[in-house]
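First residue of the sequence shown: 1, per full-length UniProt numbering; consecutive thereafter. Right, one structure below, let's go through it.
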Amino acid sequence: MESSDSVRVAVNIRPLITTELVNGCTDCITVVPGEPQVQIGSHSFTYDYVYGGGGPPPSSIYDDCVDPLVDAVFRGYNATVLAYGQTGSGKTYTMGTNYNDEESNGGIIPKVMETIFRRVGEVKNSTEFLIRVSFIEIFKEEVFDLLDSKSTTLGRPPIQIRETGSGGITLSGVTEAEVRTKEEMASNLARGSLSRATGSTNMNSQSSRSHAIFTISIEQNKTGSCLSAVNNDICDDILSAKLHLVDLAGSERAKRTGANGTRLKEGININKGLLALGNVISALGDERKRKEGGHVPYRDSKLARLLQDSLGGNNKTVMIACVSPADTNAEETLNTLKYANRARNIQNKAVINRDPMAAQLQTMRSQIEHLQAELLFYRGDGNGSFDELQILKHKVSLLEASNGELRQELQERRLASEQLAQRALEAQAEKEKLVMQIEAIRNGKSWDEIESNQNQDFDLMKTYLLKIQELEGELIRLKSLNSSKCRRISDSVVEDEDGTSKNSLFSSGNDYLSSDDIEDNEKEVKHSTLQEKLDRELMELDKRLEQKEAEMKRFASSGTSVLKQLYEKKVNELEHEKRTLQKEIEELRHNLGNISSPSDVVAQKLEEEYLHKLNVLESQVAELKKKQDVHAQLLRQKQKSDEAAKRLQDEIQRIRSQKVQLQQKIKQEAEQFKLWKASREKEVQQLKKEGRRNEYEMHKLLALNQRQKMVLQRKTEESAMATKRLKELLESRKASSREAPSAGNGSGPGVQAIMQTVEHELEVTVRVHDVRSQYERQMAE
Ligand SMILES: Nc1ncnc2c1ncn2[C@@H]1O[C@H](COP(=O)(O)OP(=O)(O)OP(=O)(O)O)[C@@H](O)[C@H]1O
1 MESSDSVRVA
11 VNIRPLITTE
21 LVNGCTDCIT
31 VVPGEPQVQI
41 GSHSFTYDYV
51 YGGGGPPPSS
61 IYDDCVDPLV
71 DAVFRGYNAT
81 VLAYGQTGSG
91 KTYTMGTNYN
101 DEESNGGIIP
111 KVMETIFRRV
121 GEVKNSTEFL
131 IRVSFIEIFK
141 EEVFDLLDSK
151 STTLGRPPIQ
161 IRETGSGGIT
171 LSGVTEAEVR
181 TKEEMASNLA
191 RGSLSRATGS
201 TNMNSQSSRS
211 HAIFTISIEQ
221 NKTGSCLSAV
231 NNDICDDILS
241 AKLHLVDLAG
251 SERAKRTGAN
261 GTRLKEGINI
271 NKGLLALGNV
281 ISALGDERKR
291 KEGGHVPYRD
301 SKLARLLQDS
311 LGGNNKTVMI
321 ACVSPADTNA
331 EETLNTLKYA
341 NRARNIQNKA
351 VINRDPMAAQ
361 LQTMRSQIEH
371 LQAELLFYRG
381 DGNGSFDELQ
391 ILKHKVSLLE
401 ASNGELRQEL
411 QERRLASEQL
421 AQRALEAQAE
431 KEKLVMQIEA
441 IRNGKSWDEI
451 ESNQNQDFDL
461 MKTYLLKIQE
471 LEGELIRLKS
481 LNSSKCRRIS
491 DSVVEDEDGT
501 SKNSLFSSGN
511 DYLSSDDIED
521 NEKEVKHSTL
531 QEKLDRELME
541 LDKRLEQKEA
551 EMKRFASSGT
561 SVLKQLYEKK
571 VNELEHEKRT
581 LQKEIEELRH
591 NLGNISSPSD
601 VVAQKLEEEY
611 LHKLNVLESQ
621 VAELKKKQDV
631 HAQLLRQKQK
641 SDEAAKRLQD
651 EIQRIRSQKV
661 QLQQKIKQEA
671 EQFKLWKASR
681 EKEVQQLKKE
691 GRRNEYEMHK
701 LLALNQRQKM
711 VLQRKTEESA
721 MATKRLKELL
731 ESRKASSREA
741 PSAGNGSGPG
751 VQAIMQTVEH
761 ELEVTVRVHD
771 VRSQYERQMA
781 E
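Rendered as structure tokens:
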């Protein structure tokens, strides 16, 4: 999404300040009531907004000009707020660049910070934010990192401007501090402001000698579902945008600032940079040149190059032209107003900064949807030609290939993020080193001493960090070991349960018991070795943690309260000194007011002297304020380092409690193992008992079998005897029937013979009957 925006221009007219009033200056600029129009001499200019000088109050600048930009940043547009104007015209005051936690004059930057974190708080449930800040200054045509703590101690290595493949401008190696709260952001701003080059001139006791750019970059990842599909701006998954807050150094005239030597050189550089920026603005503001595609001299100065995207680029930009109303500044004010007027003609083309991958995926998704719709259309009426289908297929394959490329890119980014993590570790070590140095300074050590101890301390700190990492790694390893152990044990119990049900049915009791015993023994040995190992590791962990805790305590309690008192005392002393000086200034101003006739030579001389003294005193107050700031900053840093030490201690405490939990887990696991073992033993006992009972039953059955065999044998013998006798009877019956006819022929002896035969026959029949019934009984048995 692209929108054409012209650079919006606001003019801020500050009130006359003390020195101007003392010099009897009057207003030379008027604001047309109800109109964003100013008049100076015979010139009249119209802007987007005008503040001060009788028009709307400067406090409305934020709501009118800046708040819409902050809103645009949340919608993915880059934005710039640029303060321009003569030295002492109130740029730093308006931007609030010299903001510190204690005092705020209602400048723009503090309000921006407030708005950003309020908005983040409102949508934090549905959006993830990554907010970073960088703060740089361009001093004598070199770019310096104001958040790089090294630059204050080890000289100031300048940073290089690089051009990205897409023509964007980046600063290589610039510190981009991640911030999570308004306070963190403010502390970065205050830290950078303290490092910024300032100096005293006749026109401003605290004149900025460099152009400063405070950049807030916001990356947002919408995690919640997109509700408004109509508005693409809101529906993007990943957006990133930057807000540049630029406080330029003021244009100045050497004659008026009284600059010489270093200040003069600084002034020349400032003017050069501003002139080059003016040329860029002229080239961009000239419609004819713009239409002809004329050259824009961005490369003539680093300032212009860095503001390339803000002026004529893809940013939404607001320029605030700060002017002094004093008639003595009329010429410079007119120049500033002309400069601002030209800037109004600049056209920017603001674009939403989507995450390139997300954007490409979005394009691909819509392309696929489009293709699918086409396909459906052709399928629907059945008239789709084969060629068209081929084209669609080709398109799909192209999209798939590009998808593959994106995946590869993702892989590369993952690698890069791993490298960044490594760098973060190094940065952490570096940070700790600096905290140690601050601590040493606060302890009153000399720089030489610090430097000599530095390597040793740094090594120590590195060892601590490594130790913490090792301990954390070890803890994770122990946890996973413990969980896998629990898993193994539960698996083996399940296996055994299965095995038991099979074996008790099909294996002989003795075999089952012996293999089970072996298995149990093995398990027991394994368990006890593991237990011993864990105990040893835990002891080691305990020892290390205790050591670490002792060291941390020593680190944290090294005379904190004494130092704090010392610094508070120092800050109070400075405050007292400042008040005395301010009183002196008041007196001088009073005396100045009392000088009756300025025409009197003595009075004039006195006035000059007073003015000179006033200037000196004002610069002394400014110096004192700076010192006070430094001390307050030190005090804050000390508190922060104390907090860091406490956090570390809390962390140790947390590791300790994790260790205790681990011990409890090990104990629990040992108890579970004991229970499992007891239940197994009980089971085995039961099985043994069952085996014995089976054996007894078997013996009983064998004896019964034996007895039955014997009965059978006896019965068989008896039946054989009966058969034998039956055979004899049959034989004797046959013999008697043969003798019977011969006996029937006689009378007396014949009857006797018949009687004998009948008796014999009867006996045989009875015996046959006996044998048969006996045989049948045996058969039945
Ligand atoms: N709106 C205002 N109300 C009251 N005092 C102001 C206002 N604007 C600026 N001043 C005062 O004017 C003086 C100069 O302001 P400041 O340092 O912001 O100027 P500057 O434009 O940043 O100067 P330079 O960049 O050249 O150093 C300061 O003492 C500041 O307190």
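C-beta atoms are modelled at their ideal positions from N, C-alpha and C, and glycine is treated no differently. The model shown is predicted, which means the values in this text are computed figures rather than measured ones.
Counted within 10 angstroms of its Cβ, other Cβ atoms place residue i as buried (16 or more) or exposed
i: G90; result: buried
i: T175; result: buried
i: M95; result: buried
i: K431; result: exposed
i: T92; result: buried
i: H769; result: exposed
i: D535; result: exposed
i: Q756; result: exposed
i: residue 798; result: Missing from the structure shown is residue 798; the chain here goes from 1 to 781 and no further.
i: Y62; result: buried
i: E20; result: buried
i: T170; result: exposed
i: D145; result: buried
i: V9; result: buried
i: D650; result: exposed
i: M436; result: buried
i: E731; result: exposed
i: A780; result: exposed
i: P325; result: buried
i: T97; result: buried
i: T336; result: buried
First through last residue of the beta strand (DSSP E) which encompasses residue i
i: E292; result: Unbroken run through E292: none, as it is neither H nor E.
i: L239; result: I238 to D247
i: R8; result: R8 to I13
i: E141; result: No beta strand (DSSP E) holds E141; DSSP gives it neither H nor E.
i: V50; result: Y49 to G52
i: T46; result: H43 to T46
Coarse secondary structure for residue i, derived from DSSP in three states
i: V318; result: strand
i: T19; result: helix
i: G267; result: helix
i: G173; result: coil
i: E718; result: helix
i: I476; result: helix
i: G85; result: strand
i: Q220; result: strand
i: I108; result: helix
i: N78; result: coil
i: K349; result: strand
i: E405; result: helix
i: S225; result: The predicted model places S225 with a pLDDT of 49, which falls under 50 and marks its position as unreliable; any figure quoted below should be read in that light. Of the three classes helix, strand and coil, the one that applies to S225 here is coil, per DSSP.
i: D162; result: Inspection of the sequence shows that residue 162 is occupied by Arg rather than by Asp. In this structure, R162 counts as strand in the three-state DSSP scheme.
i: L307; result: coil
i: Y93; result: helix
i: E761; result: helix
i: V31; result: strand
i: R767; result: helix
i: V396; result: helix
i: D496; result: The predicted position of D496 is uncertain, since its pLDDT is 43 and thus under 50; no value can be drawn from it.
i: S126; result: coil
Cβ distance (whole Å) where residue i is taken to contact residue j below 8 Å
i: E575; j: Q628; result: 7 Å
i: R196; j: S210; result: 6 Å
i: N329; j: Q604; result: Actually they do not touch by this definition, with Cβ atoms about 23 Å apart.
i: I161; j: I213; result: About 12 Å separates the two Cβ atoms, so there is no contact after all.
i: A83; j: L334; result: Wrong, their Cβ atoms sit about 18 Å apart, outside the cutoff.
i: A241; j: V280; result: So it is not a contact: roughly 23 Å between Cβ atoms.
Span of the alpha helix (DSSP H), counted from its first residue to its last, around residue i
i: T336; result: A330 to A343
i: I195; result: One detail in the question is off: residue 195 reads as Ser in this sequence, not Ile. Segment K182 to S195, the alpha helix (DSSP H) holding S195.
So, does the stretch 72-92 touch the stretch 308-315, judging by three or more C-beta pairs under 8 Å?
As far as the Cβ criterion goes, the stretch 72-92 touches the stretch 308-315, which means the pair count is three or higher.
With a cut-off of 8 Å, do at least 3 Cβ pairs link the stretch 110-130 to the stretch 264-277?
With a cut-off of 8 Å, the stretch 264-277 and the stretch 110-130 do not count as touching, because too few Cβ pairs lie within range.
Counting Cβ pairs closer than 8 Å, one from the stretch 213-225 and one from the stretch 123-130, do we hit at least three?
Look at the beta carbons and you see the stretch 213-225 touching the stretch 123-130: at least three pairs across the two are nearer than 8 Å.
Is there contact here, the stretch 624-638 with the stretch 37-51, by at least three beta-carbon pairs under 8 Å?
Contact between the stretch 624-638 and the stretch 37-51 is absent, because fewer than three Cβ pairs lie under 8 Å.
Indicate whether the contact test is met: 3 or more Cβ pairs, each with one atom in the stretch 317-327 and one in the stretch 339-346, closer than 8 Å.
Taking a cut-off of 8 Å on C-beta distances, the stretch 317-327 touches the stretch 339-346, as three or more cross pairs fall below it.
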